[in-house]
């Protein structure tokens, strides 16, 4: 009995770092992901096994991050941001080019520094506003905007507009939650709309093609519009209940490109239908709701801003991916959180989720 209690206490000790509701929701999403990845990846040798391995790595990273107090996370903000910017500059100077994009750098291992900035930017901005908590002036928002624009521009020039948008959104959420005036937001929206012709002229040809394909994918049905057309066919053919697990014709006849990564949602919709989609949306809404609740109850400005930003990043991932696959947003390389195949994305998402759990766990410890 003593040995059993000891083993039980050890297991409980390791599990208490997790937030119960978040862990339950994540496990349910991961179960759905395992089912659809087995089906979508059954023709790709080793894809399902690699996906399960990515799960384990992400949960290990999440456990480590959940064990680190928010005060310690603050100490990593400036070093992580600085290293990330240095690596982005290194990419611009002598990075590795793949498929026409310079996004990777070899530092003994090949890494994609832009992924680091998805966490480093909100961490840095939350740290900055925490230091200015007693009196936040308009000049502080300008400094925060500069801290955000630097990595955004470096990533966009790689070119990687999808990741740049995610990094920009992560930083914007922190600035907005820190108290950015609605008047400023409206002014920025008007200025952004007025600058669209300039932005259009600065886009690469393939980026313009993505926008035009979004408007009318049938103009190039076998080229740029192929992804969206086949994806929408798969989603529509799923109907109310779907064609059944492993029975998706668009998926297994390989009409859906990138069916295990960016377009996994199309394969899922075909096999599980509208009911499956509503279930998945509900799980994401529960995850986002729990994250916002953690942010609302966080004890410090730093933890509130960080938790709110991380939660809204998950929302952005899900919204952009589903919108892209459904044909209401341009095609960009944004995975569906904890569903799409991809090791780097899993680690980044696991790290963010672990930070959320750390904020919740240490709030409880402070209260007790």
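Numbering (the numbering used here), first residue to last: 11 to 378. Ideal Cβ placement from N, Cα and C applies to all residues, glycine included. Source: prediction; values computed, not measured.
Practice task
May I ask you to report which of helix, strand or coil DSSP gives residue 156?
Solution key: The residue given as residue 156 occupies position 146 in the chain shown. DSSP places residue 156 in helix when its eight states are reduced to three.
Exercise for the section: Taking 8 angstroms as the threshold, find out whether the region 99 to 107 comes into contact with the region 270 to 285 through three or more Cβ pairs. Expected result: no
Exercise for the section: State yes or no: is the C-beta of residue 348 within less than 7 angstroms of the C-beta of residue 39? Expected result: Sequence index remark: in the chain shown, residue 348 carries index 338 (1-based). Sequence index remark: in the chain shown, residue 39 carries index 29 (1-based). Yes, the pair counts as a contact, with Cβ atoms nearer than the cut-off.
Problem - Within-7 angstroms CB hit, residue 200 to chain B - result: Although the question refers to chain B, the structure presented lacks it and comprises just one protein chain.
Exercise for the section: Check residue 73 in the structure and name its three-state DSSP category. Expected result: For the purposes of this step, residue 73 is identified with residue 63 of the chain shown, where counting begins at 1. Helix, per DSSP.
Practice task
Determine, using beta carbons only, whether residue 187 and residue 303 come nearer to each other than 7 angstroms.
Solution key: On the chain shown, position 177 is the one that residue 187 refers to. On the chain shown, position 293 is the one that residue 303 refers to. No, Cβ-Cβ distance for residue 187 and residue 303 is not below 7 angstroms.
Problem - Collapsed DSSP secondary structure at residue 99 in the structure displayed - result: As a position in the chain shown, residue 99 is number 89, starting the count at 1. It is helical.
Practice task
For residue 373, name the three-state secondary structure that DSSP assigns.
Solution key: The count along the chain shown starts at 1 and reaches residue 373 at position 363. Note: residue 373 maps to helix in three-state DSSP.
Problem - Span of the alpha helix (DSSP H) around residue 128 - result: Position 118 of the chain shown, counted from the first residue, corresponds to residue 128. Residue 128 -> alpha helix (DSSP H) spans 123 to 141.
Exercise for the section: Let me know the secondary structure DSSP gives residue 257 once reduced to three states. Expected result: Residue numbering aside, residue 257 sits at position 247 when the chain shown is read from its first letter. Residue 257 falls in the coil class under three-state DSSP.
Exercise for the section: Decide if residue 128 is buried, meaning its Cβ has at least 16 other Cβ atoms within 10 Å, or exposed. Expected result: Within the chain shown, residue 128 is the residue found at index 118, counting from 1. Residue 128 should be labelled buried.
Practice task
In angstroms with no decimal places, state the Cα-to-Cα distance between residue 365 and residue 72.
Solution key: Walking along the chain shown from the start, residue 365 turns up at place 355. Walking along the chain shown from the start, residue 72 turns up at place 62. Near 8 angstroms, if we compare the C-alpha coordinates of residue 72 and residue 365.
Problem - Beta-carbon spacing of residue 261, residue 269 below 7 angstroms - result: For the purposes of this step, residue 261 is taken as residue 251 along the chain shown, with counting starting at 1. For the purposes of this step, residue 269 is taken as residue 259 along the chain shown, with counting starting at 1. A contact, by the Cβ cut-off of 7 angstroms.
Handout entry: Reduced DSSP category for residue 54 - H, G, I as helix; E, B as strand; rest coil
Key = As a first step, residue 54 must be located in the chain shown, where it is residue number 44. It is coil, neither helix nor strand.
Problem - Nearest to residue 237 (by Cα), restricted to the options 351, 125, 338 - result: The count along the chain shown starts at 1 and reaches residue 237 at position 227. Ranking the options by Cα distance to residue 237, first place goes to 338.
Handout entry: Short Cβ contact (7 angstroms threshold) for residue 177 with residue 131
Key = Against the chain shown, residue 177 aligns to sequence position 167. Against the chain shown, residue 131 aligns to sequence position 121. Contact: yes.
Exercise for the section: Count the other C-beta atoms from every protein chain shown that fall within 10 angstroms of the C-beta of residue 334, then say buried if there are 16 or more, exposed otherwise. Expected result: Counting from 1 along the chain shown, the entry for residue 334 is found at position 324. So residue 334 ends up on the buried side.
Problem - Contact set for residue 45: own chain, Cβ-Cβ below 8 angstroms, skip 5 residues either direction - result: Locating residue 45 in the chain shown gives position 35, counting from the first residue. Same-chain partners within the cutoff: 255.
Problem - Alpha-carbon to alpha-carbon, residue 250 and residue 2 - result: Since the first residue shown for the chain is 11 and the last is 378, residue 2 is missing from the structure and cannot be characterised.
Exercise for the section: Measure the C-alpha to C-alpha separation of residue 149 and residue 157 and round it to an integer number of angstroms. Expected result: Position 139 of the chain shown, counted from the first residue, corresponds to residue 149. Position 147 of the chain shown, counted from the first residue, corresponds to residue 157. C-alpha separation (whole angstroms): 13 angstroms.
Problem - residue 185: first and last residue of the uninterrupted alpha helix (DSSP H) it sits in - result: For this step, residue 185 is matched to residue 175 along the chain shown. First-last of the alpha helix (DSSP H) with residue 185: 171 to 187.
Exercise for the section: Using three-state DSSP, classify residue 106 as helix, strand or coil. Expected result: Position 96 of the chain shown, counting from 1, holds the residue named residue 106. Strand.
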